[in-house]
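These notes are about the structure you will find just below.
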Amino acid sequence: MSEHTLFICKSCGPDRKSSSPHLLDEVLLANAAQPSGLQIEATSCLWTCDRPCSASLICPGKYSYHFTDLSPDQASDLLTFAAQYQESGDGYVKPPKMPESLLPKLLVRIPSPSAA
């Protein structure tokens, strides 16, 4: 795992019609057009099945973020936020600086074990 990793859930929601594969595809396409050094990984389940699609952004020593209810058209906003996260020292990105479309999608911000 690289230092900054974006995990995107590839599992289905309760209705078995998750947009997860489409979000993952859009994120990978957008990142390929403008490489960021961000590791992007599909994961089998992020345990927010009632709110697909979900994604988590993590880095050792930084806050972690978990987003839910994401759609494929939010891929560029997710990468914009990931760039802000990579640039921050502790992972804290102030809400006014976040892409507006992601604010209602943020489920939780988790402190790093060293910050707890």
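Numbering (numbering that gives the first Met the number 0), first residue to last: 0 to 115.
All C-beta atoms in this analysis are idealised placements derived from N, C-alpha and C, irrespective of residue type, glycine included.
Note that the coordinates shown come from a computational prediction; the quantities given were computed from them, not determined experimentally.
Local Cβ density within 10 Å of GLN73, reported as buried at 16 or more and exposed below that: Position 74 of the sequence shown, counted from the start, is the residue given in the question as residue 73. Classification for GLN73: buried.
Sequence-distant residues of its chain with Cβ nearer than 8 Å to THR116 (five each side left out): The requested residue 116 does not occur in the structure, where the chain is confined to residues 0 to 115.
Unbroken beta strand (DSSP E) run spanning THR47, endpoints: The residue you call residue 47 lines up with position 48 of the sequence shown. First-last for THR47: undefined, no H or E at that position.
Cβ-based burial, CYS44 [other Cβ within 10 Å; buried from 16]: Locating residue 44 in the sequence shown gives position 45, counting from the first residue. By the 10 Å Cβ count, CYS44 comes out exposed.
Three-state secondary structure (DSSP) of SER63: For the purposes of this step, residue 63 is taken as the residue at position 64 of the sequence shown. In this structure, SER63 counts as strand in the three-state DSSP scheme.
Closest residue to ARG108 among PRO95, GLY90, SER100, ALA32 (Cα-Cα distance): Taking the sequence shown and counting its residues from 1, one reaches residue 108 at position 109. ARG108 has its Cα closest to that of GLY90, out of PRO95, GLY90, SER100, ALA32.
Residues that GLU40 bridges to, as DSSP identifies them: Counted from its first residue, the sequence shown places residue 40 at position 41. Answer is PHE6.
Pairwise C-alpha distance: ALA29 and GLN83: If you number the sequence shown from 1, residue 83 lands on position 84. If you number the sequence shown from 1, residue 29 lands on position 30. If I take the Cα positions, the gap works out to 16 Å.
Length of the line joining the Cα atoms of PRO71 and GLU25: Counting from one through the sequence shown, the residue named residue 71 turns up at place 72. Counting from one through the sequence shown, the residue named residue 25 turns up at place 26. If you take the alpha carbons of PRO71 and GLU25, they lie about 6 Å apart.
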